[in-house]
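Undergrad: In this note's numbering, the protein residues as written are 14 to 128. By construction, the Cβ of each residue, glycine as well, lies at the ideal position given by its N, Cα and C atoms. Please read these numbers as outputs of a predicted model, since none were measured by experiment. Structure in structure tokens, see below.
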């Protein structure tokens with residue numbers, strides 16, 4: 014049920030995209046404490062500008078039913094920023110992350126909801 018949505022200016026080959034998705038999925042599952050079988054990760058290219066200038070940048074939206082907290086969010090921010098810097102070359106100061114806790118009744122799956 015956790016989802017991480019990545020939008021970035023960096024053009025990804027299919028091999029690089031799949032490797033990055035696998036790494037992000039594992040990172041989210043470990044940090045939030047949810048089974049990886051419930052984690053969804055997406056990556057798409059987007060036009061964006063940050064700090065009034067073009068260049069490599071990324072926006073990461075992380076949502077989950079439970080598991081998010083100040084400590085977990087800081088850990089995710091550090092790990093995701095490092096991963097995006099190492100794999101894509103995006104400087105951490107050009108990455109924004111958003112964390113959203115979602116009520117179980119507001120999350121659908123498999124023809125129903127989690128709550």
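Could you check whether the stretch 36–53 touches the stretch 108–121, counting it as contact only if at least three pairs of C-beta atoms, one from each stretch, sit closer than 8 Å?
TA: The stretch 36–53, when compared against the stretch 108–121, does not touch it at the 8 Å Cβ threshold.
Undergrad: Measuring CB to CB, does residue 21 end up less than 9 Å from residue 57?
TA: Here the question's residue 21 lines up with position 8 in the chain shown. Here the question's residue 57 lines up with position 44 in the chain shown. Contact flag set, yes.
Undergrad: Output needed for residue 94: all residues of its chain with C-beta closer than 6 Å, excluding positions within five of it in sequence on either side, in chain order.
TA: Position 81 of the chain shown, counted from the first residue, corresponds to residue 94. Cβ within range, chain order: 105 and 108.
Undergrad: Which residue marks the beginning of the alpha helix (DSSP H) containing residue 31, and which one marks its end?
TA: As a first step, residue 31 is located in the chain shown; it is residue number 18 there, counting from the start. Residues 27–45.
Undergrad: Residue 78 and residue 111 look like a contact to me (Cβ under 8 Å); what is the Cβ gap, rounded to whole Å?
TA: As a working note, residue 78 is residue 65 in the chain shown. As a working note, residue 111 is residue 98 in the chain shown. Between residue 111 and residue 78 the Cβ distance is about 16 Å, and since that is not below 8 Å, they are no contact.
Undergrad: What number of angstroms, rounded off, separates the C-alpha of residue 43 from the C-alpha of residue 62?
TA: Here the question's residue 43 lines up with position 30 in the chain shown. Here the question's residue 62 lines up with position 49 in the chain shown. Between residue 43 and residue 62, the C-alpha separation is close to 31 Å.
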